[in-house]
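Student:
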Amino acid sequence: MGRTKKELLDILDRYRSKDGSNWDCIIPVSGGKDSTYQVVTMLELGMNPLCVTATTCDLTEIGRKNIENIKKMGVDYIEVTTNRVVRAKLNRIGLIEVGDISWPEHVSIFTVPVRMAVNFNVPLIIWGENSQNEYGGPAAAVENNVLDRRWLEEFGGMLGLRVNDLVGQEGITKKDLIPFTYPTDEELKRVGVTGIFLGYYIPWEGLHNVLVAKAHGFESWGKVVEGDYDDYENLDNYQAGIHEYFKYLKFGFGRCTDQASMHIRRGRISREEAMRVIKERDGAFRWTYLDKKLEDILAPLDITVDEFIKICDEFTNKKLFVTDKNGKLVKDKKGNLTKINYDNVDEGN
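Each residue of the sequence shown is one higher than the one before, starting from 1 at the first, in full-length UniProt numbering.
1) Are the beta-carbon atoms of residue 237 and residue 35 separated by less than 8 Å?
2) Provide the residue(s) that pair with residue 78 in DSSP beta bridges, ordered along the chain.
3) Go to residue 195, then tell me how far its beta strand (DSSP E) extends in each direction, as first and last residue.
4) On a Cα-Cα basis, can you pick out the residue from 205, 28, 43 and 262 that is closest to residue 16?
5) Taking 8 Å as the cut-off, decide whether the C-beta atoms of residue 232 and residue 212 are in contact.
6) Considering only residues of the same chain and omitting the five flanking positions on each side of residue 298, which have a CB-CB separation below 6 Å?
7) Helix, strand or coil, according to DSSP, for residue 25 in the structure here?
8) Give the DSSP bridge partners of residue 289, in chain order.
9) In whole angstroms, what is the alpha-carbon distance linking residue 271 and residue 149?
10) Taking buried to mean at least 16 other C-beta atoms within 10 Å of its own C-beta, is residue 89 buried or exposed?
11) Would you give the residue range spanned by the alpha helix (DSSP H) that residue 103 belongs to?
12) According to the neighbour-count rule (16 or more other Cβ atoms, all chains shown, within 10 Å of its Cβ), is residue 260 buried or exposed?
13) Check the DSSP bridge columns for residue 339 and list the partner residues they point to.
14) Per DSSP, what kind of secondary structure is residue 209 in: helix, strand or coil?
15) If we count Cβ pairs, one from each stretch, closer than 8 Å, do we get three or more for the stretch 50-59 versus the stretch 112-131?
16) Roughly how many whole angstroms lie between the Cα atoms of residue 330 and residue 316?
17) Answer yes or no: do residue 70 and residue 39 have a C-beta to C-beta separation smaller than 8 Å?
18) What is the DSSP secondary structure of residue 174, counted as helix, strand or coil?
19) Identify every residue that forms a DSSP beta bridge with residue 127.
20) Can you tell me whether residue 178 is buried or exposed? The criterion is at least 16 other CB atoms within 10 Å of its CB, across all chains shown.
21) State buried or exposed for residue 9, treating a residue as buried only when at least 16 other CB atoms are found within 10 Å of its CB.
22) From the DSSP output, read off the bridge partner residues of residue 237.
23) Hey, how far is the Cα of residue 192 from the Cα of residue 125?
24) To the nearest angstrom, report how far apart residue 350 and residue 12 are at their CA atoms.
25) Per DSSP, which residues does residue 329 bridge with? Please list them.
26) For residue 302, which three-state DSSP category applies?
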């Protein structure tokens with residue numbers, strides 16, 4: 001069970017700047033529906049937040065619009081754009097080594113806000129949802145509520161690559177990786193950096209969040225996003241389609257399954273309808289994303305489409321997809337794979 005709104009208010013009062021000389025909290029924001037909802041909620045609760053964006057790897061036009069929309073809501077706002085030359089190298093390394101083209105984004109969305117908390121002496125960080133645990137966050141603890149590197153690296157993990165392992169690859173130096181590195185435990189303790197997951201204290205659901213966000217100027221894509229069930233998620237990074245496709249290759253399901261499952265749980269669609277849409281969209285090869293061509297998305301990484309397809313094949317779980325007698329993946333003329341069992345039900349039972 002989650003905690004109550006009263007407990008949330010108690011935490012906010014505990015960390016609110018008493019004399020108005022500093023911000024009350026830091027909100028990590030992307031401009032998406034959830035972070036827009038976070039900002040709306042904190043403003044309604046009387047907080048004076050500093051919004052911090054670790055800019056995405058390949059920011060989309062609609063992503064830029066939604067960032068600018070939050071800036072109009074009456075908040076102070078910092079965008080941190082990391083060295084693009086270094087970032088392209090990290091995108092390439094992440095894709096080739098761990099199958100995560102947006103590795104630097106997935107790390108910096110945690111490291112950058114924490115670094116800003118230390119730099120500006122603002123202890124409380126307001127995250128949205130911890131999808132892995134029903135957990136309120138360290139600030140909910142009466143004692144020992146200060147973050148440490150161990151907690152940070154577990155929650156906002158290195159995701160298959162350690163920063164130190166990147167030094168020396170493609171000419172990358174330690175100083176190139178400052179934005180992707182957490183502060184020391186000593187720095188965290190000095191400021192008392194802590195955080196909460198807002199979704200633990202208040203209603204938190206994708207469709208609800210997007211309706212609130214739209215009422216405050218957020219724009220959705222207006223048509224179904226490639227590989228998705230809906231039109232309002234993953235709108236800020238052109239690389240997001242590749243990232244979701246690799247999830248499908250590794251685990252046999254993608255964002256369309258995630259979204260449809262949420263709608264089923266809330267009684268909006270039947271499982272049969274969801275399965276029909278998932279089979280059509282979930283594993284579609286991403287020749288475009290948000291109408292940007294795959295070759296244009298890959299160009300900054302100096303990777304061709306043919307090279308990309310070979311990388312895809314290397315990360316594909318062949319236990320989940322049809323292969324020929326030689327073990328080669330079977331694809332249709334559009335490059336799409338065929339799942340062995342689309343229903344994900346163990347037919348041996």
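Glycine included, C-beta positions come from ideal geometry on N, C-alpha and C.
Tutor: Based on what the coordinates show:
1) Cβ distance not < 8 Å, so residue 237 and residue 35 don't count as in contact.
2) In the DSSP assignment, residue 78 is bridged to 52.
3) Per DSSP, the unbroken beta strand (DSSP E) holding residue 195 starts and ends at 194-197.
4) It is 43 whose Cα lies nearest to the Cα of residue 16.
5) Cβ distance not < 8 Å, so residue 232 and residue 212 don't count as in contact.
6) So the qualifying residues of the chain are 308.
7) Here DSSP, grouped into helix, strand and coil, assigns residue 25 to strand.
8) When DSSP reads this structure, residue 289 sits in a beta bridge with 292.
9) Taken atom to atom, the span from the alpha-carbon of residue 271 to that of residue 149 is near 41 Å.
10) Around the CB of residue 89, 16 or more other CB atoms lie within 10 Å, so the residue is classed as buried.
11) For residue 103, the uninterrupted alpha helix (DSSP H) run begins and ends at 103-119, by DSSP.
12) Residue burial annotation: residue 260 is buried, with at least 16 other C-beta atoms found within 10 angstroms of its C-beta.
13) Listed as beta-bridge partners of residue 339 by DSSP are 321.
14) If DSSP states are grouped into helix, strand and coil, residue 209 belongs with the helices.
15) Flag = yes, the stretch 50-59 and the stretch 112-131 touch.
16) So the two alpha carbons sit approximately 12 Å from each other.
17) Pairing residue 70 with residue 39 gives a Cβ-Cβ distance under 8 Å.
18) Residue 174: helix per DSSP, three-state reduction.
19) Looking at the DSSP assignment, residue 127 forms a beta bridge with 197.
20) By the beta-carbon neighbour count (other beta carbons within 10 angstroms, threshold 16), residue 178 is exposed.
21) Looking at its Cβ environment, which holds fewer than 16 other Cβ atoms inside 10 Å, residue 9 is exposed.
22) In the DSSP output, where bridge partners are listed per residue, residue 237 has 59.
23) Going by the C-alpha atoms only, they are around 11 Å apart.
24) Because the chain is modelled from 1 through 349, residue 350 falls outside the range shown and cannot be assessed.
25) Looking at the DSSP assignment, residue 329 forms a beta bridge with 323.
26) Shown here, residue 302 sits in coil according to DSSP, grouped into three states, outside any helix or strand.
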